[in-house]
Amino acid sequence: MTDTSTRALPERVDVLVVGVGFGGLAALHRLRKDHPELRALAIERAAGAGGVWRENDYPGAACDVPTSLYSLSFAPNPNWSHTYGRRGEIHEYLRSVAADYEDQIRYNTSLTAARWDGAAQEWVVDTTSGQIRTRFLVAAPGALSEPGVPEVPGMEKFSGKVFHSAQWDHSHDLRGRKVAIIGTGASAIQIVPEIVDTVDQLTVFQRTPAWVVPRIDRTISPLERAVYRRVPGVHRLVRKMVWAYREFYVAMMARNPKLLPIAKTVALAQLRVQVKDKDLRRRLTPDYQIGCKRMLLTNKWFPALQRPNVTVTGALSRLTENGAVDADGREHEVDTVIFATGFTPTEPPIAKAVTGRDGRTLAETWQGSPRAYRGVEVHGFPNLFFLYGPNTNLGHSSIVLMLEPQAYYMSKTIGELKRNGRSVFEVTQDAQDRYNAELDPELERTVWNSGGCSSWYLDSTGRNSVMWPKYTSDFRRMMSTFVTADHRFDDAIPAT
Ligand code: N01
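Here our numbering is used: the first residue of the sequence shown is 142, the next is one more, and so on.
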C-alpha cells in the first residue's frame, strides 16, 4: 500500500472527490459500485487517508461513538479492540479501506480554488498539483478539520511553545513542563488525564464547565471478535441493536428536553462521587441544560483535575512572556500552551475557495450562516455535492450513518441525470428555502438551541447550522429519493 501517490493529475475527470476521510471513501465506494464507467478521482491534502483520525493524534485520542457503529457498511470491521475505538485503530481502519482505492487517490494535493465554468458546464479546479476539470465536484473536507485558535492578546510575546490539540507537536517533550491547556471540550478531557503524570504543572483554563457522564468501555475479547468474524449476521445484529439504542434513547433526549433530567442525575452523581471538594465541585458544575453542548464521556477527567500538580482556573484572558493570565487577572507560569479550542465547522476554508455560477463563493453566499438543501446541495452551485454540509451533524450517534446516505444521494442524483439524458442539475432557491423553513422549527425545539449555552453548533448569526434535528432514519429516508421538481436542469440553469 502506498500512502504518498504523486502521480500527475489527469486533465479531466467525471467526478472529483475532495478529501479522503469517511465521507470521501463512502463517495468513492458508491461511484465505483453504481457508476463504474465514470472516471472518479479523489484528492487529499495530506500524505495519507483518515481525515480527523489522521490529524488528531493527541495523547488519549479515542472515539465517543461505539465501534459497532463506526465503520462503513461496505467495510465492516469485526476486529475493534474496545467498545469505543482508539484513534490509532480507527486511522488504520480508514487506511485499509483507502487501500482499495489507491489508484483513484492523489495525496499531497490540496484544492486551492474551484469555479463553475457555465459555458463548458464543468468545474475548473485548481490544486497544489495542477488544474483539473470535472463534471461533478464532491466536497468532503470534513466538518472538524480546521483547528480554531482564538486570538489571545499577548500571543506574540509568549516565549514558550504553542500548538493546537489537532496539530500535536510530538517533538515537544512534555516532561517537566509547565503546561496550560485551554478549553474543556471533548479533546481536552481526553488529553489531560493522559499527560497529567508527565508534566510538572498543568493549568486548565476552563471558560465553561462541561457535562460529563461515565464512559462504559470494555475490551472486546478475542473470542467475541472471532464470533463477529465467523458467525454470519452477529456483527450486523449488534450494530442494529446499538443503533436502535442510540436512535431512540439519545435522540429522544435531544428532541424532548423533558427527558434530560435522567442524564443530568447520572452526570451529577458522577461529579459528587469523584469530586469531594465542594468549591471545586461547584466550579465544575455547568449552569446550562445538559445536552446543550456535546455531553462528554469519561471516567478520568475529574480524578485528573484533582492531582496535586493541577490547577483549574477560569478562561484565558492573555499571554505574557512566561505566563498565561486567567479571567481574574492571575498569572500562571507556563512554558507550553495547548489550545484544545475546537474547530471552525461553520466557516470551512473550502467555502472561500469554491465559486458558483454567479461569481460568488460559498462563503459569500452563506455569509457566516451556511444553508443547504438536504445538507448537500446549494443553490447557485450546479453539480456540487457538499458532504457533511450544513445541518448534517449528530449529537447522539455515528456520523458514518449520515455520510453514507449523502454518498448514496450523490450517486442516485448522477444516476437520475444519466437516465434522463441530462448533464447539469441545481437545486432551486425555492426548494432550498422551503427545506430550511421546515428544518428551523425542528432545530428550535432541541436542547442545542434552547439549553442556554453557546456551542460550535451555532453560527455567527446564532442559527444552528450544524445539527440534524431528527432521527438518522429520517435522514436516510429523505436521502433515498431525488425530487425532480426541486431542481432545474441543463439549459434551464442560467449561465451566470
Ligand atoms: O472542541 P470544543 P473539541 N477562550 O469546541 C474552549 C469532536 N471530538 O476539540 O465551552 C477560552 O468542543 C471552549 O469553551 P466554551 C466532537 O464532536 C470528538 O474539544 O466555548 N476557551 C471549550 O471548552 C467535539 O464536540 C472526540 O466556553 C475557549 C473548548 O475550548 C468536537 O470534536 C474527541 C475559547 C472547545 O471545545 C470538538 O471538540 C475530540 C477561548 N477563546 C473531539 N474558544 C471523541 O470522539 C474555545 N474555548 C471523543
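Where a beta carbon is used, it is the ideal one built from N, C-alpha and C, also for glycine.
E567 (DSSP reduced to helix, strand or coil): Three-state DSSP puts E567 in a strand.
Is L713 close to the ligand N01? I mean its beta-carbon at under 6 angstroms from any heavy atom of the ligand. The displayed coordinates of the chain run from 142 to 637. Any statement about residue 713 would go beyond what the structure contains.
Return the first residue and the last residue of the beta strand (DSSP E) that F616 is part of. It is not in any beta strand (DSSP E) - F616 instead sits in the alpha helix (DSSP H) that spans 613 to 620.
Neighbourhood of L285 by C-beta distance below 7 angstroms, restricted to the same chain and skipping five residues each side: V193, F484, P486
Apply the 10 Å Cβ neighbour rule to V354 and answer buried if 16 or more other Cβ atoms are within range, or exposed otherwise. buried
Leaving aside the five residues before and after H537 along the sequence, list all residues of the same chain whose C-beta is less than 7 angstroms from its C-beta, in chain order. R387, V391, A392, A395
Length of the line joining the Cα atoms of I491 and Q415: Looking at the two C-alpha atoms, the distance is approximately 43 angstroms.
Taking Cβ to Cβ, would you say R256 is nearer than 7 angstroms to D155? no
Short check: CB of P444 to CB of I332, under 7 angstroms? no
Starting from R387, follow the alpha helix (DSSP H) in both directions and report where the run begins and ends. For R387, there is no enclosing alpha helix (DSSP H), as DSSP gives it neither H nor E.
May I have a chain-ordered list of the alpha helix (DSSP H) segments no shorter than 4 residues that lie completely inside the region 175 to 253? You should have 193 to 196, 228 to 239.
Does the separation of the CB atoms of L129 and G191 fall below 7 angstroms? This structure gives no information on residue 129, because the portion of the chain shown stretches from 142 to 637.
Using the Cβ count rule (16 or more neighbours within 10 Å means buried), how would you classify N524? Under this definition N524 is a buried residue.
State the beta-bridge partners of W257 as determined by DSSP. W264
Buried or exposed for Q508, going by 16 or more other Cβ atoms inside 10 Å? Flag for Q508 reads exposed.
Indicate the three-state DSSP secondary structure (helix, strand or coil) for M436 in the structure shown. Correct three-state label for M436: coil.
Determine which residues share a DSSP beta bridge with H305 and list them. Note: H305 sits in a beta bridge opposite F480.
Bridge partner(s) assigned by DSSP for Y550: DSSP lists no beta-bridge partner residue for Y550.
Per DSSP, which residues does D467 bridge with? Please list them. L457
Among A494, R575, T477, which has the Cα closest to the Cα of R129? In the structure as shown, the chain starts at 142 and stops at 637, and residue 129 therefore has no counterpart that could be examined.
Report yes if the C-beta of I491 is less than 6 angstroms from at least one heavy atom of the ligand N01; otherwise report no. no
According to DSSP, is H170 helix, strand or coil? Here H170 sits in helix by DSSP.
Is any heavy atom of the ligand SAM found at a distance shorter than 6 angstroms from the C-beta of C204? Annotation note on the ligand SAM: not contained in the displayed structure, which lists the ligand N01 as its ligands.
Cutting at 7 angstroms between CB atoms, please list the residues of its own chain near H665, excluding the five before and the five after it. Given that the chain is displayed from residue 142 to residue 637, the structure contains no residue 665 and the question cannot be resolved.
For P398, which residues of its own chain have a beta-carbon under 6 angstroms away from its beta-carbon, when the five flanking residues on both sides are left out? V588
Name the two residues that bound the continuous beta strand (DSSP E) containing K680. Shown here, the chain extends from 142 to 637; a query on residue 680 therefore has no answer.
Check this for me: beta carbons of N577 and R629, under 7 angstroms apart or not? no
Taking DSSP's pairing of strands, which residues face E474 in a bridge? Residue pairing from DSSP places E474 in a beta bridge opposite G464.
Apart from the five residues on each side of it in sequence, which residues of its chain come closer than 7 angstroms, Cβ to Cβ, to E230? W221, S222
Taking E583 as the reference, give the member of S606, A183, K302, C594 with the closest Cα. If we check each option's Cα against that of E583, S606 comes out closest.
Going by CA-CA distance only, name the one from T613, A351, F163, H170 that's closest to K434. Nearest to K434 by C-alpha distance, out of T613, A351, F163, H170, is A351.
Which residues does DSSP list as the beta-bridge partners of G516? Per DSSP, none; premise fails for G516.
Cβ-Cβ distance between A481 and A329 below 7 angstroms: yes
What does F526 pair with, by DSSP beta-bridge criteria? V279
Any heavy atom of the ligand N01 inside 6 angstroms of the beta-carbon of G226? no
Quick check: is any heavy atom of the ligand N01 less than 6 angstroms from the C-beta of A456? yes
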